[in-house]
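Read the structure below first, then the notes.
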Amino acid sequence: MRRQFKDTALRLAEHDDRLTLLFGDISVFLFNEFSELHPDRLLNVGICENTLISMAAGMSATGFHPIVHTIAPFITERSYEQVKLDLCYNHFGCTIVTCGGSFDYAWDGATHHCYTDLELMRMLPGMEVMQPGSKKEFDTLFSQCYNNGNPSYVRIAADEHGLDLPVEFGKGVLVKETEGADLTVVTAGPLLGNVLSACSNLPVNIIYFHTIKPLDRDLLERFAKTRIIVVHDAFGLFEAVNAACSVRSVYHGLPDQFCGYYGTLEDIRSKLRLDTEGIRAVILNELDEIS
Amino acid sequence: MDNISSEIRENILRISYHSGHGHIPTCFSIVEMLRAVYETMQHDPKQPDWAERDIFILSKGHAALGLYCTLAQYGYFPISDVFGLGSFEARFGCHADRFKVPGVELSTGSLGHGIGVGVGMALGFKLSGVSRKVFVLIGDGESNEGTVWEAIMVAVNLGLGNLTILFDNNRSQSRCMPITNPEDKFFSFGCKTLTVDGHDLSAVKEAIDSPVEKGPRVIISNTVKGNGCPTLVRDIFAWHRRSPNTDELKTLLGELHETSI
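Just so you know, the protein sequences line up as chains A and B, in that order. This note's numbering puts the first residue of the first sequence at 219, with every later residue one more than the last. This note's numbering puts the first residue of the second sequence at 128, with every later residue one more than the last.
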């Protein structure tokens with residue numbers, strides 16, 4: 219998906235000399251072609267996340283479309299006040315594109331795990347929050363939002379859900395509808411792949427969101443009479459669902475503790491019962507409870 | 128102190144008295160710096176959004192009342208507008224809102240944000256090939272924040288000659304972490320530095336007008352918190368965020384008039 223970021227930026231920059239990339243010393247090699255074609259429009263500023271955000275606000279004030287790119291925990295958690303005040307309160311447009319969300323950097327340990335980003339960004343007034351689960355979703359959502367004058371957050375994932383779904387900013391996708399189903403599973407991002415496998419042959423509905431803010435409330439409301447379970451490897455979606463409709467919803471995701479494991483994304487998802495088997499067991503339990 | 132500086136300080140005192148808000152000593156230390164900026168930079172009070180204007184950012188946002196009184200002095204709005212300072216639906220809050228106050232370019236309040244945003248603006252102007260300039264006023268206390276130095280490093284690395292930092296060296300941190308030898312510090316980071324008497328309007332203006340080969344430029348302005356009123360100067364911490372009562376207002380106005388020309 220990071221390569222898609224490069225391809226999308228290259229395509230958009232051909233026709234938009236206001237698109238400017240501000241990097242926190244990552245992805246620089248990947249963007250060599252961009253740097254060669256547009257040397258003034260990619261600045262590898264340094265390992266200084268707070269200033270990256272503040273600078274982006276200033277560049278937005280002078281008519282540019284800044285894109286800040288670095289690792290998720292360092293820009294969302296360390297620089298939260300800069301995002302809150304310089305971008306959101308002052309309403310300067312900027313797109314923050316991160317990698318390393320949730321457990322994509324599993325092997326680097328808890329300092330590099332980032333499961334709060336989506337919720338932190340969601341809580342800020344005026345912020346748009348996206349978690350694409352495929353290259354196509356990244357390309358479409360980024361292209362639709364990067365120059366709309368609003369602060370936006372887009373998380374690049376290490377894996378993909380593997381489906382070709384319709385993409386429109388702010389719209390959820392009904393991936394599976396079972397007539398008469400009493401349970402609706404809600405998820406976002408690449409985890410949809412596991413969710414879909416886990417729910418194979420089960421009488422449930424599956425709703426998928428790539429846009430967490432604004433959340434597609436209309437789609438959610440259609441299933442408000444069913445029991446809703448949010449399955450997600452981060453915070454943010456469950457809170458968004460609960461804020462959107464007064465339905466009974468439960469969460470299967472992260473515990474209230476740091477993840478002390480390394481390994482791979484799959485290892486950690488397995489430990490958290492967010493692999494296909496773990497999710498299926500949880501869904502079966504939910505179906506038992508409501509039957 | 129000339130009549131204009133005295134009038135700005137008198138308005139600060141009167142509005143603080145009426146509203147019960149405002150950080151008077153820190154406003155008093157920057158009056159001449161604010162005047163120097165508004166008397167040298169490209170701006171038009173009748174067109175606050177003029178596309179060719181230079182930019183001023185008050186990074187030490189708690190001195191907003193000083194900025195309001197200066198903007199009023201230079202014609203952005205009548206001073207009478209400011210008297211409702213801090214009331215529920217007021218345009219003029221204790222920290223400025225750029226969507227409410229003409230001439231305010233950045234809503235500030237939390238310290239350590241102004242230089243970073245100024246760096247982005249200066250870079251934007253540089254990339255656009257325009258000659259617009261950016262001025263950021265920061266405090267010495269504010270410079271306890273790491274973001275000040277992070278943003279300075281970026282500004283130096285980008286060689287932003289169109290960025291000027293005005294450093295209000297009013298010794299506000301004497302009771303905790305003073306910024307000692309600020310000129311040495313900024314110089315060692317690679318800035319062009321000048322030190323002036325921050326209450327000497329001509330000296331600050333001259334520093335702003337001095338040529339810059341490679342920026343950013345930092346003007347260390349030696350100032351006094353509460354300058355103009357010995358009562359304030361004697362006890363800057365007690366007066367940090369305090370409004371005068373009727374008797375105190377009389378005393379402070381008397382002192383101010385004694386120090387004015």
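The beta-carbon is built from N, C-alpha and C at its ideal position, and this holds for glycine as well.
Under 8 Å between C-beta atoms of residue i and residue j
i: residue 274(A); j: residue 312(A); result: yes
i: residue 295(B); j: residue 327(B); result: no
i: residue 431(A); j: residue 340(A); result: yes
i: residue 306(B); j: residue 300(B); result: yes
i: residue 320(B); j: residue 339(B); result: no
i: residue 135(B); j: residue 221(B); result: no
i: residue 289(B); j: residue 252(B); result: yes
i: residue 277(B); j: residue 308(A); result: no
i: residue 283(A); j: residue 371(A); result: no
i: residue 189(B); j: residue 240(B); result: no
i: residue 412(A); j: residue 494(A); result: yes
i: residue 237(B); j: residue 270(A); result: no
Where residue i falls: helix, strand or coil (DSSP)
i: residue 370(A); result: strand
i: residue 165(B); result: helix
i: residue 449(A); result: strand
i: residue 241(B); result: helix
i: residue 273(A); result: helix
i: residue 153(B); result: helix
i: residue 342(A); result: coil
i: residue 289(B); result: coil
i: residue 444(A); result: coil
i: residue 422(A); result: strand
i: residue 144(B); result: helix
i: residue 206(B); result: helix
i: residue 333(A); result: coil
i: residue 214(B); result: coil
i: residue 474(A); result: coil
i: residue 377(B); result: helix
C-alpha distance - residue i paired with residue j, whole-angstrom precision
i: residue 349(A); j: residue 373(A); result: 5 Å
i: residue 292(A); j: residue 465(A); result: 34 Å
i: residue 275(B); j: residue 314(B); result: 14 Å
i: residue 322(A); j: residue 182(B); result: 41 Å
i: residue 297(B); j: residue 147(B); result: 23 Å
i: residue 359(B); j: residue 371(B); result: 10 Å
i: residue 259(B); j: residue 277(A); result: 13 Å
i: residue 228(B); j: residue 312(B); result: 34 Å
i: residue 414(A); j: residue 346(A); result: 26 Å
i: residue 225(A); j: residue 427(A); result: 23 Å
i: residue 389(A); j: residue 405(A); result: 13 Å
i: residue 377(A); j: residue 237(A); result: 26 Å
i: residue 341(B); j: residue 283(B); result: 8 Å
Residue i at chain A interface by Cβ criterion, 8 Å
i: residue 225(B); result: yes
i: residue 190(B); result: no
i: residue 164(B); result: no
i: residue 212(B); result: no
i: residue 274(B); result: yes
i: residue 194(B); result: no
i: residue 293(B); result: no
i: residue 277(B); result: yes
i: residue 364(B); result: no
i: residue 220(B); result: no
i: residue 231(B); result: no
i: residue 133(B); result: no
i: residue 248(B); result: yes
Proximity test, Cβ basis, 8 Å: residue i and chain B
i: residue 341(A); result: no
i: residue 303(A); result: yes
i: residue 417(A); result: no
i: residue 273(A); result: yes
i: residue 231(A); result: no
i: residue 299(A); result: yes
i: residue 456(A); result: no
i: residue 279(A); result: yes
i: residue 364(A); result: no
i: residue 286(A); result: no
i: residue 249(A); result: no
i: residue 264(A); result: yes
Where the beta strand (DSSP E) through residue i begins and ends
i: residue 283(B); result: Careful: residue 283(B) lies outside any beta strand (DSSP E), inside the alpha helix (DSSP H) at 273-285.
i: residue 406(A); result: 401-406
i: residue 240(A); result: 237-241
Span of the alpha helix (DSSP H), counted from its first residue to its last, around residue i
i: residue 336(B); result: 328-336
i: residue 265(B); result: Note, residue 265(B): premise wrong, no alpha helix (DSSP H); beta strand (DSSP E) at 261-266.
i: residue 505(A); result: 494-508
i: residue 488(A); result: 483-489
i: residue 436(A); result: 435-439
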